[in-house]
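Participant:
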Amino acid sequence: MPRAIISPSVLASDFGQLTAECKRMIKGGAEWLHMDVMDGHFVPNITMGAPILSCVSKGVPGIFMDCHMMVAQPEKWVDDIADAGGSLYCFHYEATSDPLALIDQIHARKMKAGIAICPDTPSTVITDDIGEAADMLLVMTVHPGRGGQKFIEACVPKVSELRARFPHKDIEVDGGVGPKTIDVCANAGSNVIVAGTAIFGAPEPEKVIALLKSTVDT
Ligand code: DX5
Ligand code: ZN
0 MPRAIISPSV LASDFGQLTA ECKRMIKGGA EWLHMDVMDG HFVPNITMGA PILSCVSKGV
60 PGIFMDCHMM VAQPEKWVDD IADAGGSLYC FHYEATSDPL ALIDQIHARK MKAGIAICPD
120 TPSTVITDDI GEAADMLLVM TVHPGRGGQK FIEACVPKVS ELRARFPHKD IEVDGGVGPK
180 TIDVCANAGS NVIVAGTAIF GAPEPEKVIA LLKSTVDT
C-alpha cells in the first residue's frame with residue numbers, strides 16, 4: 000500500500016486566516032491540504048474557487064493543494080484550477096459523462112487526477128481502465144456538501160474492493176474521519192486521509208495528524 004498522507008480539510012478552518020491555517024497544518028505534519036470546492040449546483044453549498052486557491056498557493060509556497068471538486072461541470076474548471084496552482088484535481092464520477100477524457104484533460108495541465116464516488120455510488124463504476132488512468136480514488140464516507148457529518152461505515156467495503164484491484168493507487172477517504180474512525184479506514188486500505196473537524200477542532204492538531212498517520216502506516 001502507498002504511504003500515509005494526511006490532508007486536512009480547510010473547510011473546517013477559519014477562512015479569514017486561510018493561508019495561516021494552511022501553514023499551521025503543514026507545520027503540524029500535513030503533507031497535503033484538502034480544498035473543498037463547492038458550486039451550489041452539484042451540492043447545495045458554495046465555498047471557494049480558483050481566485051481563493053490562487054491566493055493560497057502564492058501565500059503558502061510549495062503547498063500541495065488536493066482540490067476536491069464538488070461541481071456540476073468538472074471539465075469547465077480544469078484550466079482555472081491548474082492556473083491557480085492546484086496539484087490534484089479530484090472530480091466526481093457522478094458529475095461527468097466521460098471520466099477518461101477528463102483525466103486526460105487534467106493530466107495535460109500537469110495535475111494529478113482523482114475520481115470521487117458518493118456514498119450511494121458503487122465502487123464498480125470505477126472500471127479497471129478508469130482506475131488505472133487516475134492517480135487517486137476518493138471514497139466519500141459522508142454525502143458531500145458540508146463538514147462535520149457522521150462517518151458512514153457502509154462505505155468502507157468499497158475501499159477494500161478498490162484496494163484489492165488497485166494496490167498501488169492512492170485511495171482517499173473523506174467525511175467524518177478522525178481518531179474514532181481511522182482504524183476501519185486504514186484496515187480497508189485507504190492511505191490518503193482527509194479530516195476537517197477532527198483536526199481543526201482539536202486543541203493540538205499536530206497530535207491528531209500524527210495519530211492518523213501512524214495508524215495508516217502500521
Ligand atoms: C464534505 C467535504 C469534506 C469535509 C470533511 O463535503 O468533502 O472534505 O470537509 O469534513 P469532516 O472531516 O468534518 O467530516
Ligand atoms: Zn472533501
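Heads up: the sequence shown runs through residues 0 to 217, numbered per numbering that gives the first Met the number 0. Each residue gets a CB set at the ideal place from its N, CA and C atoms; glycine is no exception. None of these values were measured; they are calculated from a predicted model.
#1: For K57, count neighbouring Cβ atoms within 10 angstroms of its own Cβ and tell me buried if that reaches 16, exposed if not.
#2: Please report how far the alpha carbon of E171 lies from the alpha carbon of G188, in whole angstroms.
#3: Quick one: Cα of G175 to Cα of E30, how far?
#4: Within the present structure, is the beta-carbon of L136 separated from the nearest heavy atom of the ligand ZN by less than 8 Å?
#5: Using only CA atoms, which one of T46, Y92, F63, P73 lies nearest to L218?
#6: Would the C-beta of H142 count as close to the ligand ZN, meaning under 8 Å from any of its heavy atoms?
#7: Short of 7 Å in beta carbon distance, which residues of its chain neighbour Q104, apart from the five on each side in sequence? Order them along the chain.
#8: Please report the distance separating the alpha-carbon of D173 from that of L137.
#9: Can you list the alpha helix (DSSP H) stretches of 4 or more residues lying completely in the stretch 123 to 202, in chain order?
#10: When you compare only the Cα positions, how much space is there between R145 and V70?
#11: By DSSP's criteria, A94 is part of a beta bridge. Which residues make up the other side?
#12: Leaving out five residues before and five after L191 in sequence, what residues of the same chain have Cβ atoms less than 7 Å from its Cβ?
#13: Give the range of the alpha helix (DSSP H) segment to which I45 is assigned.
#14: For S86, which option in H106, T120, P118, V155 has the closest C-alpha, if you only look at C-alpha atoms?
Facilitator: Well, looking at it:
#1: Taking the first residue of the sequence shown as position 1, residue 57 is located at position 58. Classification of K57: exposed, given that the 10 Å Cβ count is below 16.
#2: What you label residue 171 is simply residue 172 of the sequence shown in a count that begins at 1. What you label residue 188 is simply residue 189 of the sequence shown in a count that begins at 1. Taking the straight line from one Cα to the other gives about 9 Å.
#3: Sequence index remark: in the sequence shown, residue 175 carries index 176 (1-based). Sequence index remark: in the sequence shown, residue 30 carries index 31 (1-based). Straight-line spacing of the CA atoms in G175 and E30 works out to 20 Å.
#4: If you number the sequence shown from 1, residue 136 lands on position 137. No; taking the cut-off as 8 Å, the Cβ of L136 has no heavy atom of the ligand ZN nearer than that.
#5: The chain is shown from 0 up to 217; residue 218 falls before or after that span and cannot be answered.
#6: On the sequence shown, residue 142 is found 143 positions in, with the first residue counted as 1. Closer than 8 Å to some heavy atom of the ligand ZN: that does not describe the Cβ of H142.
#7: Your numbering for residue 104 matches position 105 in the sequence shown. Same-chain partners within the cutoff: E74, V77.
#8: Start at 1 with the first residue of the sequence shown, and residue 173 comes out as number 174. Start at 1 with the first residue of the sequence shown, and residue 137 comes out as number 138. The straight-line gap from Cα to Cα measures roughly 7 Å.
#9: Within the stretch 123 to 202, the complete alpha helix (DSSP H) runs of at least 4 residues are 127 to 132, 155 to 164, 181 to 187, 196 to 199.
#10: Sequence index remark: in the sequence shown, residue 145 carries index 146 (1-based). Sequence index remark: in the sequence shown, residue 70 carries index 71 (1-based). The alpha-carbon atoms of R145 and V70 are separated by roughly 14 Å.
#11: Taking the sequence shown and counting its residues from 1, the one referred to as residue 94 is at position 95. BP columns for A94 are empty, so no partner.
#12: If you number the sequence shown from 1, residue 191 lands on position 192. At residue 191 the sequence reads Val, which differs from the Leu that was named. Excluding five sequence positions before and after V191, the CB atoms of its chain that fall closer than 7 Å to its own CB belong to I4, S6, M135, D169, I170, E171, given in chain order.
#13: Here residue 45 refers to the residue found at position 46 when the sequence shown is read from its first residue. I45: not part of any alpha helix (DSSP H); DSSP gives it neither H nor E.
#14: Start at 1 with the first residue of the sequence shown, and residue 86 comes out as number 87. Selected option, being the one with the closest Cα: H106.
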